[in-house]
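Data block below; observations after.
2 protein chains.
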Amino acid sequence: MKLKIKKEILAEGLNKVSKALSSKNLVPVLAGIKFDLTKDGLTLTASDNDITIQTFIPALGNMDIETEGSIIIQGKYVLDIVRKLPDEFINIEVIDDLKILIYTENSEFNLNGINKSEYPAINLDLSKKPVYISNEIFKAIVNETAFASSTDESRPVLTGINFKINGAQLECNSTDSYRLARKIVTLNQEVEESYNIVIPSKNLVEFIRIIDDSEENIELHIFNNKILFKYQNLLFQSRLINGTYPNTANLLPTESFLKITVGISDLYSVIDRASILTSDKEKNVVTLETKENLLYIKSSSAEIGRVEEKMSVVKDNDENIKISFVAKYMMEALRSFPQNEVEISFVGEIKPIILKSVGDDSLTQLVLPIRTY
Amino acid sequence: MKLKIKKEILAEGLNKVSKALSSKNLVPVLAGIKFDLTKDGLTLTASDNDITIQTFIPALGNMDIETEGSIIIQGKYVLDIVRKLPDEFINIEVIDDLKILIYTENSEFNLNGINKSEYPAINLDLSKKPVYISNEIFKAIVNETAFASSTDESRPVLTGINFKINGAQLECNSTDSYRLARKIVTLNQEVEESYNIVIPSKNLVEFIRIIDDSEENIELHIFNNKILFKYQNLLFQSRLINGTYPNTANLLPTESFLKITVGISDLYSVIDRASILTSDKEKNVVTLETKENLLYIKSSSAEIGRVEEKMSVVKDNDENIKISFVAKYMMEALRSFPQNEVEISFVGEIKPIILKSVGDDSLTQLVLPIRTY
Numbered sequence: 007m008k009l010k011i012k013k014e015i016l017a018e019g020l021n022k023v024s025k026a027l028s029s030k031n032l033v034p035v036l037a038g039i040k041f042d043l044t045k046d047g048l049t050l051t052a053s054d055n056d057i058t059i060q061t062f063i064p065a066l067g068n069m070d071i072e073t074e075g076s077i078i079i080q081g082k083y084v085l086d087i088v089r090k091l092p093d094e095f096i097n098i099e100v101i102d103d104l105k106i107l108i109y110t111e112n113s114e115f116n117l118n119g120i121n122k123s124e125y126p127a128i129n130l131d132l133s134k135k136p137v138y139i140s141n142e143i144f145k146a147i148v149n150e151t152a153f154a155s156s157t158d159e160s161r162p163v164l165t166g167i168n169f170k171i172n173g174a175q176l177e178c179n180s181t182d183s184y185r186l187a188r189k190i191v192t193l194n195q196e197v198e199e200s201y202n203i204v205i206p207s208k209n210l211v212e213f214i215r216i217i218d219d220s221e222e223n224i225e226l227h228i229f230n231n232k233i234l235f236k237y238q239n240l241l242f243q244s245r246l247i248n249g250t251y252p253n254t255a256n257l258l259p260t261e262s263f264l265k266i267t268v269g270i271s272d273l274y275s276v277i278d279r280a281s282i283l284t285s286d287k288e289k290n291v292v293t294l295e296t297k298e299n300l301l302y303i304k305s306s307s308a309e310i311g312r313v314e315e316k317m318s319v320v321k322d323n324d325e326n327i328k329i330s331f332v333a334k335y336m337m338e339a340l341r342s343f344p345q346n347e348v349e350i351s352f353v354g355e356i357k358p359i360i361l362k363s364v365g366d367d368s369l370t371q372l373v374l375p376i377r378t379y
Numbered sequence: 007m008k009l010k011i012k013k014e015i016l017a018e019g020l021n022k023v024s025k026a027l028s029s030k031n032l033v034p035v036l037a038g039i040k041f042d043l044t045k046d047g048l049t050l051t052a053s054d055n056d057i058t059i060q061t062f063i064p065a066l067g068n069m070d071i072e073t074e075g076s077i078i079i080q081g082k083y084v085l086d087i088v089r090k091l092p093d094e095f096i097n098i099e100v101i102d103d104l105k106i107l108i109y110t111e112n113s114e115f116n117l118n119g120i121n122k123s124e125y126p127a128i129n130l131d132l133s134k135k136p137v138y139i140s141n142e143i144f145k146a147i148v149n150e151t152a153f154a155s156s157t158d159e160s161r162p163v164l165t166g167i168n169f170k171i172n173g174a175q176l177e178c179n180s181t182d183s184y185r186l187a188r189k190i191v192t193l194n195q196e197v198e199e200s201y202n203i204v205i206p207s208k209n210l211v212e213f214i215r216i217i218d219d220s221e222e223n224i225e226l227h228i229f230n231n232k233i234l235f236k237y238q239n240l241l242f243q244s245r246l247i248n249g250t251y252p253n254t255a256n257l258l259p260t261e262s263f264l265k266i267t268v269g270i271s272d273l274y275s276v277i278d279r280a281s282i283l284t285s286d287k288e289k290n291v292v293t294l295e296t297k298e299n300l301l302y303i304k305s306s307s308a309e310i311g312r313v314e315e316k317m318s319v320v321k322d323n324d325e326n327i328k329i330s331f332v333a334k335y336m337m338e339a340l341r342s343f344p345q346n347e348v349e350i351s352f353v354g355e356i357k358p359i360i361l362k363s364v365g366d367d368s369l370t371q372l373v374l375p376i377r378t379y
């Protein structure tokens, strides 16, 4: 293998695939990035046991290819080298099948490589009938729901986002059993097959982090126990989580006895201040109470003190509510809406609290109340 | 105690003194910030056993004082409250000597306070004859020398910067026994007494971090076992480190057999790249070698590989040198110079390497070589 390649392009590719390198990987070869050079261009692949990322850099305009070939290079070093070289072009050459020479005019790195035969066979075949989702909508789904997933591995299925596809409808649910985020979108196509899969949330978050903001579609290639996302020249494969996702259909109340409309950033700040007085930010409980057209948020801690915040609120009737919840859950739910205003529905003091944006009902956030008496 | 105070001014004061709050403090009252309100203004004090910070906010234009008094408020909560309140003015009131009410139009915090009598007596008296140093020069001293101090508490005296004042000359030394940073400046005054003290480096770094960039002088009030810095309305007191600082006068060679002049950022980048191939960034050894008008930096690791970098260099004669050192020490020494070019003097392969800026000899950096054979 021998080539001369544009530094910025290579650095960008290495940076993307390096997200699949795990520092705690037990298989040494998986600490490496696989380089495959053909006359068409350079393919970079990295994988841990959870995700695989592959990107293709087309030859045209990006590189001069002298000899095709493959090699595995230690991931963390090659990334650092390429990033820190000041030159516009970088030469990479494999010598004696196992030595890698990376050089520019004033710099020369000799690295020990790993033979390509040691790399595990990873199947990145595409399916025949992918599902297409716009980049923008896919990112919104992940940004608005992933935070509600559990990080507790004792119920693995809750550490993922449940994707259900029926016809042109995609419904995504994410819950840690204390709150639920639901996003329903309509696809631009009727999907023949129905799907009900759970994708690890952290992998989805990683995936949307490495893709750009262009308007191209993302292809979802769904298999039995894995999903492969194709976006431009990038392939991102994740395992699926086994197990039955809890049925969340009946969780959302259909009626309410009081709806309030509030500015998201105002209510967020009020709850944020009300949750200062705690030694445990994760589980701080605040109480929301309405009185006429005012909304009060209160919290207290015997050792530290108590706090009371008020703000004005628009109600849909004269009823009032007093209800307690975990401040962090409500703040994360509020923050998930891209809009400025949210409508909060109450069914009762011990019934789920429902948040929806005014004028866009694709996203629903549910926060369970806490009994305080 | 009862007052109404400008939020931004109070937040700034609390932020400064809070740097003396230690999370691992064993004395509960020291987790608090002491508020002392007189007709002249508000004094805020915080202390751990190492440093004490006090700032005074003059009444005029900043506050309305209704009742004078004192109270101790839990530091981390009051800082968060004041920072997060959106209002321009904040009301603070002590009720029944121990309850603190912090309120604005829509927010009300009730905090448990601590009686002022429980706060330890801290002597912040000024000396009669302070030493004056310009803010700019003082910051330069700390920025250019503190990094060379030791973080190893087994030789406490090396965790500080040695300040020696004789007449109008201030000499500062900082060493961890592998490298030495020396800054010599001339004061605008003849100091009557001679001083030879060691100030903890981390306290000096903390101090320059909380003071602004104005051109006012810093007053150094030096006592037997402590030093008090006065700057504007701020008092910052640190303990001194006991023990005799090693004599560094004879460490700096007076002659050299080769001097090279290099661009600081070029050499920094070259060493930075040469030190990529290591699993231990702290102790990575690189070798510098000159050949005619070229400078080579080399490094190798049996498992990872080897690297060779070259750059052009200006030499004062035809001699050549081959010398090894810890990459991190040389990079930190290079980075300490505010200028673009540095002159590096070599006495021999196992003799100290000396760095000086071209045209400004106030700062000297010394890096010890490493024997590699």
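As you go down the protein sequences, you meet chains A and B in turn. One rule links them: number in the numbering used here = place in the first sequence (from 1) + 6. One rule links them: number in the numbering used here = place in the second sequence (from 1) + 6. The beta carbon of each residue, even a glycine, is placed where N, CA and C say it ideally should be. Owing to the predicted nature of the structure, the values given are computational and were not obtained by experimental measurement.
Among the options, nearest to residue i - alpha-carbon criterion
i: Ile-205 of chain B; options: B:Glu-198, B:Thr-181 and B:Glu-221; result: B:Thr-181
i: Pro-252 of chain B; options: B:Asn-239, B:Ile-217 and B:Ile-203; result: B:Ile-203
i: Asp-219 of chain A; options: A:Ser-306, A:Asn-141 and A:Gly-365; result: A:Asn-141
i: Lys-369 of chain B; options: B:Val-353, B:Val-211, B:Val-348 and B:Ile-190; result: Position check: residue 369 of chain B holds Leu in this sequence, whereas Lys was assumed. That would be B:Ile-190, whose Cα lies nearest to the Cα of Leu-369 of chain B.
i: Asn-116 of chain B; options: A:Glu-314, A:Glu-355, A:Ile-350 and A:Ile-356; result: A:Glu-314
i: Ile-214 of chain A; options: A:Glu-196, A:Ser-285, A:Asn-256 and A:Phe-144; result: A:Phe-144
i: Ala-152 of chain B; options: B:Gly-166, B:Asp-158 and B:Ile-228; result: B:Gly-166
i: Asp-158 of chain A; options: A:Ser-207, A:Pro-136 and A:Thr-110; result: A:Ser-207
i: Pro-358 of chain B; options: B:Gly-75, B:Pro-162, B:Thr-254 and B:Leu-32; result: B:Thr-254
i: Val-137 of chain A; options: A:Thr-296, A:Ala-174, A:Tyr-302 and A:Glu-14; result: A:Ala-174
i: Glu-355 of chain B; options: B:Leu-264, B:Pro-344, B:Arg-279 and B:Ile-108; result: B:Leu-264
i: Asn-118 of chain A; options: B:Gln-371, B:Asp-367, B:Gly-311 and B:Leu-372; result: B:Gly-311
Sequence-distant residues of its chain with Cβ nearer than 6 Å to residue i (five each side left out)
i: Ala-333 of chain A; result: Ile-277, Ser-281, Asn-290 and Val-292
i: Leu-164 of chain A; result: Ser-156 and Asp-182
i: Asn-168 of chain A; result: Asn-179, Val-204 and Tyr-251
i: Lys-8 of chain B; result: Glu-72, Thr-73 and Glu-99
i: Ile-139 of chain A; result: Ile-224
i: Val-268 of chain A; result: Val-319
Element boundaries [alpha helix (DSSP H), containing residue i]
i: Ile-376 of chain A; result: Taken as a continuous stretch (DSSP letters only), Ile-376 of chain A belongs to no alpha helix (DSSP H), as it is neither H nor E.
i: Lys-22 of chain B; result: 13-23
i: Leu-48 of chain A; result: Segment 47-53 is the beta strand (DSSP E) holding Leu-48 of chain A; no alpha helix (DSSP H) there.
i: Thr-151 of chain A; result: 141-151
i: Lys-289 of chain B; result: No alpha helix (DSSP H) holds Lys-289 of chain B; DSSP gives it neither H nor E.
i: Phe-213 of chain B; result: 207-216
i: Ile-233 of chain A; result: From DSSP, Ile-233 of chain A is part of no alpha helix (DSSP H) but of the beta strand (DSSP E) over 232-237.
Cβ neighbours of residue i in the same chain (closer than 7 Å, five flanking residues each side left out)
i: Ser-200 of chain A; result: Ile-171 and Asn-172
i: Ile-120 of chain A; result: Val-35, Gly-38 and Ile-78
i: Glu-288 of chain B; result: Lys-334
i: Phe-62 of chain B; result: Gly-47, Thr-49 and Asn-239
i: Leu-20 of chain B; result: Ile-39, Leu-50, Val-84, Leu-85 and Val-88
Beta strand (DSSP E) segment containing residue i, residue limits
i: Met-7 of chain B; result: First-last for Met-7 of chain B: undefined, no H or E at that position.
i: Arg-89 of chain B; result: It is not in any beta strand (DSSP E) - Arg-89 of chain B instead sits in the alpha helix (DSSP H) that spans 81-90.
i: Asp-70 of chain A; result: 69-73
i: Ile-96 of chain A; result: 95-101
i: Lys-42 of chain A; result: One detail in the question is off: residue 42 of chain A reads as Asp in this sequence, not Lys. Unbroken beta strand (DSSP E) run through Asp-42 of chain A: 38-44.
i: Arg-245 of chain B; result: 240-245
Residues near residue i by beta carbon distance below 8 Å, same chain, minus five either side
i: Asn-149 of chain A; result: Ile-214 and Ser-342
What residues in the region 60-91 of chain B have a beta carbon less than 8 Å from any beta carbon of chain A?
-> Flagged, chain order: Gln-80, Tyr-83, Asp-86, Ile-87, Lys-90 and Leu-91.
If you pair each beta-carbon of the region 122-141 of chain A with each one of the region 228-244 of chain A, do three or more pairs fall below 8 Å?
-> Contact between the region 122-141 of chain A and the region 228-244 of chain A is present, because at least three Cβ pairs lie under 8 Å.
Scan the region 308-320 of chain A for residues whose Cβ lies nearer than 8 Å to a Cβ of chain B and list them as they occur along the chain.
-> Per Cβ criterion, the list reads Glu-309, Ile-310, Gly-311, Arg-312, Val-313, Glu-314, Glu-315, Lys-316 and Met-317.
With 7 Å as the C-beta to C-beta threshold (strictly closer), list the residues of the region 279-298 of chain A near chain B in chain order.
-> Listed by position along the chain: Arg-279, Ile-282 and Leu-283.
Please list the residues of the region 101-119 of chain B that have a C-beta atom closer than 7 Å to any C-beta atom in chain A, keeping them in chain order.
-> Against chain A - using a Cβ distance shorter than 7 Å - the residues of the region 101-119 of chain B are Asn-112, Ser-113, Glu-114, Phe-115, Asn-116, Leu-117 and Asn-118.
Which residues, in order along the region 247-280 of chain B, keep a beta-carbon less than 9 Å from a beta-carbon of chain A?
-> Of all residues in the region 247-280 of chain B, Ser-275, Val-276, Asp-278, Arg-279 and Ala-280 have a Cβ within less than 9 Å of some Cβ in chain A.
With contact counted as at least three CB pairs below 8 Å, one residue from each stretch, are the region 338-345 of chain B and the region 313-327 of chain B in contact?
-> By the Cβ test, the region 338-345 of chain B is not in contact with the region 313-327 of chain B, since fewer than three Cβ pairs between them sit closer than 8 Å.
Three CB pairs or more closer than 8 Å across the region 40-53 of chain A and the region 66-81 of chain A | Using a C-beta cut-off of 8 Å, the region 40-53 of chain A makes contact with the region 66-81 of chain A, since at least three inter-stretch Cβ pairs fall below that distance.
Touching by the beta-carbon criterion (3+ pairs, under 8 Å), the region 86-93 of chain A and the region 44-58 of chain A = With a cut-off of 8 Å, the region 44-58 of chain A and the region 86-93 of chain A do not count as touching, because too few Cβ pairs lie within range.
Counting pairs of Cβ atoms below 8 Å between the region 20-32 of chain B and the region 55-62 of chain B, do you hit three or more?
-> Contact holds between the region 20-32 of chain B and the region 55-62 of chain B, because three or more Cβ pairs, one in each stretch, are under 8 Å apart.
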